Amino acid sequence: MSRMSKNNKRLGIVLGSSFAVITLIAGIIAFALNGSSVTPPSIINANDSKVTSSMPGESEISSSQPGESMFPGASETPQTPVVTPVSFNRPDELKAVYLIPGEDFILKNTTSAETVQKEIDNAIAKTKELGMNAVIINLRYKDSVIYKSAVFPSVAGDFDAMDYLVKKAKGEGLFTYAVYDALGVPSGDKIATTDNINGDTLDIIAKGVKEVAQGYTLDGIMVDNYANETNDNSYGLYAQNGIPIGFENYMYQNDEAVVKTISDTIRSVNRNIQVGICTTSVWANSKTNESGSKTSAEFQMLYDGHADVKQYIEKGYADFVSVKASGAITDSAVPFATVIQWWAELVQQKNIPLYIVHSATKACTENAGWSSPDQLTRQVIEARKVTGYKGSAFNSLKALAADPKGSTELLVKYYSNQVKVDHILKDLAITQPAKKSITTNEPTMLFKGASDPNFPITLNGKALEQDKNGYISYDAALKPGENTFTFEHKEKTVTYTINRDVQVLKEVTPAGSISAVGKSSLTVTVVAYKGASVSASLGGQTINLKEDTRPDDSDVADSSYCRFIGTFTMPSATSSSQSLGNISVKATAEGISESKTGASVKVAPAIKVDTGDSGSTGGGTPGGATGNGTGRQVIVTATQAETFPIDRIDDYSDPDCHPLPKGTIDRAVSDQLNYSDGKSSFTYYILSSGVRVYGSDISFIDDKNLSSNKISKLTVDNNGRNTTVSLDMSWPVPYTVSLSSTAMNINFRDTSATPGSLSSLSKNPMFSSATWSGTTLSLKIKSGGFMGYQANYSGNTLNLVFNNPAPIQQASNSYGYTLSGARIVLDPGHNDADPGALGYIGGLAEREINRGIASRTASILEGLGATVQINPSPSTSSLAGRMANSLAFKPHLLICIHCNSSTNRSAAGSESYYFNSFSSALASYAASNVSSRLGTTNRGAKFGYYYMTRNFAFPATLTEYGFVSNSTEYYKMIDESGLSSMADGTVEAIIDFFKSRYSSSSTGTESTGKVANVAVTGVTLNQTTATVEVGKTLQLLATVAPEDATNQAVTWSSSDKTVATVDAKGLVTAVKAGTAKITVTTADGGKNAQATITVTNSSVAVKGVSLSVSEFNLAVGATKSLSAVIEPSNATNKKVTWSVDNPTIATIDANGTVKGIKDGVAVIMVTTDDGSYIATCFVYVGNSASSSSNSSSGSSSPSSAAVTP
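Quick look at the structure:
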């Protein structure tokens, strides 16, 4: 058949033909078009002048002129009605079902009134039960119509099924429509589809539709089955009609004549009956016609059906359009969303409704994309996003009522708002384990992920429990060897192969060769299965190890292993080294016993240390670090040298062992001690002052022949930010510290003289007195409490720099306080390379939640006037690097933000960990406030060895906000309200802690002993340039040099107070946009330093982010650009970061361009720089583009998630 137009060849429209030729076709379309011309469709390229094919000897000529008829002899010409006010009866949103004779009523080939009435009653009742508000009645039953007709064969005898059906539907409050079969004409005692469109045919069509419009109270009549396809008779009929206008023009004009005849007839009978045009999915593919949709449909209405539906709509033939969108969401040829968007844009030009006809008959079938039971509901969700969409119809009540696999039940629940959209859009996604084929030593494997809670999920054929949000968590027992686990959900199947290699005993610490001090405790740590029986032997001793519940940064918390701990007591030291042999460990679990050998242990020769008695030199070690001492003299080279007790040998930090500052001189009284945990090796020395230090933190020096130390001056100075206790020494002596809630006691070694006491201190918020007892200085702590300190030696002066409590002022805001001057570090755990504990949704692991909490908390704190640093966490970040960042910031406190995880999925609650005793109150406030805000269990404050808390410079806590392994808590933590609650709880904890510590005091210096005037040589600022938003504050800190300068007083000034002001403590307040210089000047010597402050207008914070698609298909090697929509649109910082959970399936660059790598499914995630809000979508690559149709996943993160974390 000829389809030359399909190749974009111009139809034969010859507009300048001679009058003689025109007269040959006089009267072509007077009947069909009633005075208006029919213009063949414009389906050409501008540069293509070729005409369509015509019959031999014919020329292609233009359309007929007004008043001419293509079908002479047509008798019943509808007249154009007089324009009168039109009132259409339309629902706000159409929810319709097709009622099909033979399926929904007239079921048994009988037209008995009683039987058919019952069948209609049942059909209407079922329609109502399904929550539908309209019926669409198919008028044909086999080869007849269902109503009384003078035109067509009818099954109606004395009983008019159509009349009863319309009245019944109306009586039940249902909108009522009928489908008119446009090309159906009587043929004997049957109805047949005609391909011979002439005047007689149009007369029959007009009469047939007229009796329907006149006879029944319908809200609308839908024109269907009008496509005029080319068949074996088409050319013959064209020749028979003898109209030389070209074959393609003939076919197009015939089709339009039919549609216009029906439209005009209905409108002439009753203009309040809506005329609907029903069309298949595609008018034209864009590759065939540039105005078409981006589809690759096999059937195009324009080319294959000669039905220019686009033109019919533009000419006003229809009051609404219904599109048979037969493709699934993931259909590669006619994707659902693409189809409806194209039609929606078209109908908007005429401001008429767009209705979608969904293929209920395909639900849960093997048709591509239709096997998942949520397909129909997903289509409605997708359609509701489109402007112009006004409702849906489902092509079979019978199919819908069958409810295959619960598909209709889900649709009904969705329509009645009983289910959440984000649940429906969930595909089966197992987030843990991360790989589908792994080998493990674990006796169990935790599977964790997300699903649609509206449909069941099975594991190896058995139903698996889902929570209300569709999250799944299952701890599967593993047998030794290969284990297979197959998950099935919404027609998607995922299989995991887990190989278990039994290993009861995993690690023994210490390892290698170690040396210990006589009578000390040697700690043995073993990693073995929980519940194992573990013992260790060394040098004739055997001990039983117990499970160690003290948490640290190790990786055994969320596993079936745990740490076991025990201690050996070393024998007394002798003058020479003693070998005890190797540690031998045995562990038994699951009926299996395993053994491992640990370190070989030696006891070092006897040593003697300073006892610390006032005026003594340590009993067996005369002189300590002085010239009279024994052992080699050393100097501390680390900024802060961590110290350990000497009565045990391990590498556990100790909160009672305070660091020694750089420059401290002591003596090493032991040989090098060695220790290894199997991963790292450490060396230590025991010092004369009674502590153990890392060998890397000290250096041996030539003996200085030091004499006994004399402390000549004690000074206590408060500059507002810090209280500094300074002591002038003869030389930098070692010391030890003990800290309680009431006092800090500092015992100086090798010291014979001290200055007087300061029995009453009034110019600082930290201490009420500084008194001596022998060579021990006791600093009595005020009721406010301790806030951390750092020590340094400046020459021979020891400076103990204490954190003053942060200033806090009552205010009328929702938190009751402002925090101007407070400096806070937020440390969100894990980094770009380490997501932390995995959640139930891909792309929303612990890392994203931590960052979301930090971002929101910082925003609140800054709004209260605090200065906040969020520690960066690139893939290269280390704990040591993050601590260095924190120390450089000089904060009042640090909050390390984490989420918990457990193999016990019912574990729940918030808990906080501390290391130093002065941090315990902060931990307690954090656990209490966060759990209260989140509505979960308060698990309290607990001691732990976490790295980010093991510093004496400031209070610090590591807070586990909730369990990502608990589906209920996980959902709270990824929800926007949950993130806000956790941020509020954190802020309240900080305020409560500051309230408990703050006590106002005047600033100044108090001293005793010999005071020498030390002149000021200069002053520096912590920042020399800064940008501050209007209304915000910035704390500048001045450092006077030298550190022991006598007069530390400074004054502050601003070069332009209209731009920025500064108070007496260096707190800058931004007033208006502009630039100002802030100057600090010393009282002694007039030294100064400046900071340039740029004030900007307030920024607009990001409130959310979304993606234009929830899922899409991508061929291997193909690319697609995604765009993120930032809310609000005027947000200041619109920077985003793109990522993908599985870069082996797809990659994404910094500009949002996705590239398909290999078959599979991946989650694309975009995260805002401001606020860490998150949006996600799925990409189906390669074959997964078709297989994904089994579940057609959309966005897996809840619409409110920011992580949105």
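Residue 718 in the UniProt record's numbering is what sits at position 718 of the sequence shown, and the numbering runs on without skipping anything. Glycine is no exception: its CB is placed at the ideal position from the N, C-alpha and C atoms. Keep in mind that this is a model prediction, so the values were computed, not measured.
A residue is called buried once 16 or more other Cβ atoms fall within 10 Å of its Cβ, and F487 is buried on that count. When G1086, S670 and I746 are compared, the shortest CA-CA separation from A573 is found for S670. In the structure shown, G816 falls within a coil segment according to DSSP collapsed to helix, strand and coil.
Shown here, M766 sits in coil according to DSSP, grouped into three states, outside any helix or strand.
Around the beta-carbon of T1025, fewer than 16 other beta-carbon atoms lie within 10 Å, marking it exposed.
Look at K210 here: in three-state DSSP terms it is helix.
Scanning the UniProt domain "BIG2" (1015–1092) from its first residue to its last, the whole beta strand (DSSP E) runs of 3-plus residues come out as 1018–1021, 1025–1029, 1033–1035, 1038–1041, 1050–1054, 1060–1062, 1067–1070 and 1074–1082. Looking from the CA of P765, the closest CA among S999, N233 and T194 belongs to S999. In the pairwise beta carbon analysis, the stretch 247–267 is classified as not touching the stretch 114–126: fewer than three pairs are separated by under 8 Å. The beta-carbon separation of K448 and G720, rounded to 50 Å, does not stay under the 8 Å limit for a contact. For G1156, the enclosing beta strand (DSSP E) begins and ends at T1153 to G1156. With contacts defined as CB atoms closer than 8 Å, V527 and R550 fail to qualify as a contacting pair. Look at the stretch 146–181 and you find these whole runs of alpha helix (DSSP H), each 4 residues long or longer: 161–171. The alpha-carbon separation between T458 and F485 amounts to approximately 10 Å.
Between A307 and T261, the gap from beta carbon to beta carbon reaches 8 Å or more.
Closest option to F786, judged by alpha-carbon separation, among A811, Y817, G631 and A743: A743. The alpha-carbon separation between G881 and D827 amounts to approximately 12 Å. Counting of Cβ neighbours within 10 angstroms places K972 among the buried residues, the total reaching 16 or more. Counting other Cβ atoms within 10 Å of its Cβ, D427 reaches 16 or more and is therefore classed as buried. By the criterion of a C-beta distance shorter than 7 Å, G1085 is surrounded in its chain by A1015 and V1016, once the five residues flanking it on both sides are discounted.
DSSP, read as helix, strand or coil, puts G220 in strand.
The shortest CA-to-CA distance from S928 to any of K942, A854 and K679 is the one to K942. Put simply, of T949, A888, V419 and L779 the residue whose alpha carbon is nearest the alpha carbon of S741 is L779. Taken in chain order, the complete alpha helix (DSSP H) segments of 4 residues or longer contained in the stretch 384–423 are 397–402 and 407–415.
Counting along the chain, A822 sits inside no beta strand (DSSP E), nor does DSSP assign it H or E at all.
The three-state secondary structure of K310, taken from DSSP, is helix. The three-state reading of DSSP puts W370 in coil, since its state is none of H, G, I, E or B. In the DSSP assignment, R271 falls outside any alpha helix (DSSP H), carrying neither H nor E. In this model, V347 and T903 are separated by some 55 Å (Cα to Cα).
Per the coordinates, the alpha-carbon of K436 lies some 21 Å from the alpha-carbon of Q466. According to the DSSP assignment, D728 belongs to the beta strand (DSSP E) that extends over N722 to D728. Taking C-alpha positions only, A606 is separated from M729 by approximately 31 Å.
W1138: member of the beta strand (DSSP E) spanning V1136 to V1140, first to last residue.
The Cβ atoms of I1093 and A1076 lie closer than 8 Å to each other.
Taking a C-beta distance under 8 Å as the contact criterion, V212 and Y177 do not qualify as a contact pair. The residue from I191, D121 and T127 with its alpha-carbon nearest to that of P153 is I191.
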